[in-house]
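Under full-length UniProt numbering, the first residue of the sequence shown is numbered 1, with each subsequent residue one higher.
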Amino acid sequence: MYSNLFLIKANIKRQKADIVVFITLVMLSTMLMLVSLSMIFTMGKVVDSHFKDINGAEVVISLNERAKNVTQEVVKKDKRIKDCEAVKRLLANAKYKEKSDKQWSDFTFAIQSYKEKRTINKVYKFPNSYEKNDALLPYYLHGHYKIGSTIQLKINENKYNFRVAGYTQDPMYSTPLNVTVYNIYVSEDMMKKIAKNQEVASQVKYNIILKNKYYKDKVEDDISDKINKKTGSVVDGQKISIEAIGWYSGMKGGCMFMPKLALAVLFIFSIMVLVISAIVISFAIRNFIEKNMRDIGLLMASGYKISKLRQIIVSEIGLVTLVGTIIGVIFGKLLYSNAGRLMEDVLGLEWNQGLDVKNVFIIAFAIFVFSCGIAYGGSRRFKKITVLTALRGGINTHNYKKNYFPLITTRLPINLTLSLKNVFSSGKKEIGMFVMMAIMAIIMQTAYGIYYNFGNNQERILEFAGTEGGTIGVYGDESLKDKLEKIPHVKAMHGRYGNVSCFFQSTQEEQKKGKSKVSSNANCQKNRKGSIVSTFIFQDLSKLRYCNIVEGRISKYENEIIIGGGVAEDLGIKAGDTIEVALTRESPKKTFIVTGIYQQINNMGRTVMMNKNAYERLNPDETKWKEEVLYTIYAADEKNYQDMRKEVLKVYPEGKNKIDNFEKMAAETTDVVSNVLIKLSIVISIITAFIVMFVEGLLIHSKVVMEWKNLGLNKALGFTSKKLILQMVMSNVPIIVVGSLFGVVVSKSLACQFLTMGMSSFGMKSVKMEFGIGGMILTMAIIIFCAILSAVATSIRIRKANPVDMLVKYGES
């Protein structure tokens, strides 16, 4: 036992550089894996704890106040409902800003009273301690609006000042990426004051708790369907607008999507770092055996078996891994709280979970076993060594390898020739180096791709999400279309009437033919029952800018529609199939052709879009839905919201209060996500650059140590230190260039496949990412520069060494 520990200690002393690099990589991998994996596993607990704390509603139905009696009757008859509570709500498109700010932003606000008694969705705890002008904001806004600051709302030129008294944490409305509404709570007096504004819609909101066995049912769809059936979608001459959302049917997964996506990227990065550490282990073991061949021969001659030597190597790597994981856990613990605060900005909920001890042990044990397994596999080289060969220093009579670059005949520069000889003479080492550089390039190029596509480009985020943004939104009638199209600087424009809930069912003919992609009995039954889906009506779908059609084409004619990927998955539909559509489950059904399937994050990809002529065919009797159109205008590149507002008011002066700043609204929604992704990509890039330097430094250090005698001879023969350093630096440059080039070439498809897998729950089939030739060149330049810098810094010791000392020291070793 003592002899083993003595040899392990001696080995570690001889491999200081290798051990430092390996510990660093293990520490980084453990730290990142611990943080990312723990947060992925505990995020559900964070959401559930806040949901339980407020006794969250599992179904929320919000609609016109005039439909209260009908809704009450429908809810009362539904036997799946355990408890229900109706509260007042005001809905308004408002401008808002912090009092000291100069620029207003636009967003939709749902305003409720904190004085109203409730037992469901009780997001406030001390209602009697608030003053008349106090307001409770969603926690999502806590970064900009501090407690005690003043937030101003402007609705139809009426301004309202509120002091921020606290924050609410309702998981259903925690982030605008889930539901595009800010839920705020004010006093009863302010509710009454705001309700007098003509632009504010008075609503009633039903917070519903379901019986346990029905929590998977889409009760919200059934309720809205029955309300539409009873009222014909109109009450007292007013069109009913229903917001029906379910916690378990999509909102729970939706609020966690973006944070989990960011953490998944970090987890994949930690896995790649671990893979690189495995390659470093293999290098270290190989170099150790080659460097200490005579000592190994003496040990074998004195009675040490191959199994014993392998056991010592595995024990050494296991001990070093244990140290690395302990350091990684310590740093992971310190990083966890900061990462939690970063996730709060995207999740919109306070991070209230600590590190799970079980996860710590599982991750540490998995990394330990993995490293020991790699060490055991790398130590197989001992089996190929005989005592005689080891005592000769590992020198065989001939290696039987072809000399591809003879120094006598080559016309290449001497340093390049020597580096190419090095590449072709040690195939396995160079393959390992190639793999490491390819992985580094993939990681760095993916980080750049995240930054380029989603971190610093609002337009690409909207395209990725399948969401229309625009510069300015204008509400008006159908006759306004021609006027708006003629104003200058309009890059693109489309008109949307609104959204309705319609019933969709896969046709019987397709079910009989077995065309449904869904094979489980539950899903087949769901296909037969059909689904109620939010349906958006547009003047012309071909005018949409970010409609990501992944299968088929945009619909044109009155018997055609396009459906979201989530709906296609639920109903087993593909482009070219037919589908039955009705206003309610019991209404007469009409058959439409599904001409295309599109991708969209909104509503978990479970939406449908159709043209005006298609909805007129479905609902020929009603005309009220045509009275107002929302025109979304995209301005030319050099123009902004203020420029377009001036142009719109020239042709539509009466629409002063019917204009929204979509440019700012889109920025408010995407900025937090962009900031998180920017920070993530920068951190990954910096760590990757340091890993490249560590790995290259390790390889050059090993090469310098193993060739110390030859370097001394070359220096004695007249080679300058500059030439020898250049020779060392150039030794790995060809394989670094080839490996990094291969990595940047394949990184695009790998990154897209990863994102597609992560978003499959949204019905997404493909994700487009643009890297650009500039990103590829930048990635390769950073990797090559870091590698050369590290190689120069590591081999600089050659400059100070004396040739005689180099030869003597080699002999003493």
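Idealized CB from N, CA, C, for every residue including glycine. Bear in mind that the values here come from a model prediction, so they are computed numbers and not experimental data.
{"query": "Neighbourhood of GLY514 by C-beta distance below 8 Å, restricted to the same chain and skipping five residues each side", "result": "Its pLDDT being 47, under 50, GLY514 is placed unreliably in this model, and the value from its coordinates should be taken loosely. No residues qualify anywhere along the chain."}
{"query": "Bounding residues of the alpha helix (DSSP H) (the contiguous stretch that carries THR623)", "result": "THR623 -> no alpha helix (DSSP H), and no H or E assigned at all."}
{"query": "Reduced DSSP category for GLY246 - H, G, I as helix; E, B as strand; rest coil", "result": "strand"}
{"query": "Contact between the stretch 264–276 and the stretch 25–33 (3+ Cβ pairs under 8 Å)", "result": "yes"}
{"query": "For TYR546, the nearest candidate out of LYS205, THR623, LYS768 (CA to CA)", "result": "LYS768"}
{"query": "Neighbour-count burial assignment, ASN661, 16 or more Cβ in a 10 Å radius", "result": "buried"}
{"query": "Unbroken stretches of the alpha helix (DSSP H), 4 residues or longer, contained in the UniProt domain \"ABC3 transporter permease C-terminal\" (267–382)", "result": "293–301, 306–347, 357–378"}
{"query": "Burial state of PRO259, where buried means 16 or more other Cβ atoms lie within 10 Å", "result": "buried"}
{"query": "First through last residue of the beta strand (DSSP E) which encompasses TYR96", "result": "81–98"}
{"query": "Best match in SER531, LEU741, LYS590 for proximity to ILE566 [C-alpha to C-alpha]", "result": "The amino acid occupying residue 566 in the given sequence is Gly; Ile does not appear at that position. With distances taken between Cα atoms, GLY566 lies closest to SER531."}
{"query": "Bridge partner(s) assigned by DSSP for LYS723", "result": "LYS723 is not bridged to any residue."}
{"query": "Short Cβ contact (8 Å threshold) for VAL683 with ILE472", "result": "no"}
{"query": "For SER501, the residue or residues it bridges with in DSSP", "result": "SER534"}
{"query": "contact_flag[the stretch 174–194, the stretch 68–86] where n(CB pairs < 8 Å) is 3 or more", "result": "no"}
{"query": "ASP577, DSSP secondary structure in three states", "result": "coil"}
{"query": "LEU711 vs LEU726 beta-carbon contact at 8 Å", "result": "no"}
{"query": "Of the listed residues THR607, ILE296, MET706, nearest to LEU7 (C-alpha basis)", "result": "ILE296"}
{"query": "Reference ARG118; option with closest CA among LYS211, TYR206, ILE313, PHE690", "result": "TYR206"}
{"query": "DSSP beta-bridge partners of GLN198", "result": "For GLN198, which the question treats as bridged, DSSP gives no partner whatsoever."}
{"query": "Beta-carbon spacing of VAL59, VAL219 below 8 Å", "result": "yes"}
{"query": "Inter-residue Cα distance where the pair is MET604 and PRO620", "result": "30 Å"}
{"query": "Cβ neighbours of ALA10 in the same chain (closer than 8 Å, five flanking residues each side left out)", "result": "none"}
{"query": "Among ILE439, GLU663, HIS494, ALA635, the one whose alpha carbon lies nearest that of VAL629", "result": "HIS494"}
{"query": "Contact set for GLY324: own chain, Cβ-Cβ below 6 Å, skip 5 residues either direction", "result": "ILE23, VAL26, MET27"}
{"query": "Extent of the continuous beta strand (DSSP E) to which PHE107 belongs", "result": "105–113"}
{"query": "Sequence ranges, alpha helix (DSSP H) only - wholly within the stretch 641–670, length at least 4", "result": "641–651"}
{"query": "Three-state secondary structure (DSSP) of ILE120", "result": "coil"}
{"query": "Spatial distance of GLY596 from ILE563 (CA atoms)", "result": "7 Å"}
{"query": "Whole-Å CB distance - VAL474 paired with TYR631, under 8 Å assumed", "result": "5 Å"}
{"query": "Backbone secondary structure at ASP217 - three-state DSSP", "result": "coil"}
{"query": "Buried versus exposed, by CB contacts within 10 Å (16 or more), VAL35", "result": "buried"}
{"query": "Inter-residue Cα distance where the pair is ILE363 and ALA284", "result": "24 Å"}
{"query": "Contact check, GLY498 vs GLN600, beta carbons under 8 Å", "result": "no"}
{"query": "Cβ neighbours of ALA582 in the same chain (closer than 6 Å, five flanking residues each side left out)", "result": "PHE503, LYS589"}
{"query": "CB of TYR114 within 8 Å of CB of TYR130, strictly", "result": "yes"}
{"query": "For ASP134, three-class secondary structure by DSSP", "result": "strand"}
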